[in-house]
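**Student:** Let me begin by handing over the structure; questions about it come next.
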Amino acid sequence: MNNSSYYRGAFMPIVTIQQSPGRTKEQRQLLIKKITEAFQEAYDLPADAVTVFFENYDDSHWGKGGILHEDRKNKDK
607 MNNSSYYRGA FMPIVTIQQS PGRTKEQRQL LIKKITEAFQ EAYDLPADAV TVFFENYDDS
667 HWGKGGILHE DRKNKDK
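Throughout, our numbering is defined as the position within the sequence shown, counted from one, plus 606.
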């Protein structure tokens, strides 16, 4: 499986958050905490079994509706 790793007889979750830059360290810490708690509750896993990655994409590296986000922002100015 490419979205999990093996942990004590069970597959452990690996979560990847893809987002634009700009979140604070405190926001990322809170999100990791909440995601980890959700997996602990739902899957009965220890916290250290849950891995969370953040991938940041600037406005020139993603689009929506066939338009780069940076072009959409420039159009709205």
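Note that the Cβ used here is the ideal one computed from N, Cα and C, for glycine as well.
As a quick exercise: from Lys670, Lys681, Lys679, Tyr663, pick the residue whose alpha carbon is nearest that of Thr686.
**Tutor:** It is not possible to answer for residue 686, since the shown part of the chain is limited to 607 through 683.
**Student:** By the DSSP assignment, the beta strand (DSSP E) with Thr657 in it spans what residues?
**Tutor:** Taken as a continuous stretch (DSSP letters only), the beta strand (DSSP E) holding Thr657 covers 657-662.
**Student:** Please name the residue in Phe660, His667, Ala648 whose C-alpha comes closest to that of Leu637.
**Tutor:** Nearest of Phe660, His667, Ala648 to Leu637, Cα basis: Phe660.
**Student:** Does DSSP put Leu636 in a helix, a strand or coil?
**Tutor:** Residue state, collapsed to three classes: helix.
**Student:** Quick check: what's the CA-CA separation for Asp682 versus Gln624?
**Tutor:** Their backbone Cα atoms lie some 23 Å apart in a straight line.
**Student:** Exposed or buried, Pro619, counting other C-beta atoms within 10 Å across all chains shown (16 or more means buried)?
**Tutor:** Classification of Pro619: buried, given that the 10 Å Cβ count is 16 or more.
**Student:** Looking at the unbroken alpha helix (DSSP H) that takes in Asp682, where does it start and where does it end?
**Tutor:** Here the alpha helix (DSSP H) through Asp682 covers 675-682.
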